[in-house]
Structure formats: C-alpha cells, structure tokens
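Trainee: Structure in structure tokens, see below.
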Amino acid sequence: NNKTLFHVESASEADSKISASILISIWLSLGWKWQVLLLTNRQQHKYENKWRKMI
3 NNKTLFHVES ASEADSKISA SILISIWLSL GWKWQVLLLT NRQQHKYENK WRKMI
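Residue numbers for the sequence shown follow the working numbering, so the first one is 3 and each next one is one higher.
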C-alpha cells in the first residue's frame, strides 16, 4: 500500500510540474506585448474597483 500511495503522489507532482511548464511556455510564447496588455488590464481593473468604491 505504501508503494502505491507514494507512486500516486509522485505522479501528481510530475503532472503539476508539467502543467506549470506548459503555462510558462504559453506565457513566453505570447510575447512581451501580450504580457504587458494582460498586466495593464489587471491593474486597470484594480483601479476601477477602487474608484467605484470611492464614488
């Protein structure tokens, strides 16, 4: 039982690492222009929410 549990854990860890590397590769393939757009959009949303609360 211990062996099978350990095997499952290591498999899930590998999956998470693979998914993380895929996300990173997608992020890098987007290019800096898209990265900047996404980041600025997030910032804008934060500021909009602050303004709405103030108004």
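Note that beta-carbon positions come from the ideal geometry of N, C-alpha and C, so glycine has one too.
What's the gap between the Cα of W29 and the Cα of N43?
Mentor: In a straight line, the C-alpha of W29 is about 16 Å away from that of N43.
Trainee: Look at the alpha carbon of S31 and the alpha carbon of V38, and state the distance between them as a whole number of angstroms.
Mentor: So the alpha carbons of these two residues sit roughly 13 Å apart.
Trainee: Between Y64 and M56, what straight-line distance do the alpha-carbon atoms span, to the nearest angstrom?
Mentor: Here the chain comprises residues numbered 3 to 57, so residue 64 is not present and cannot be evaluated.
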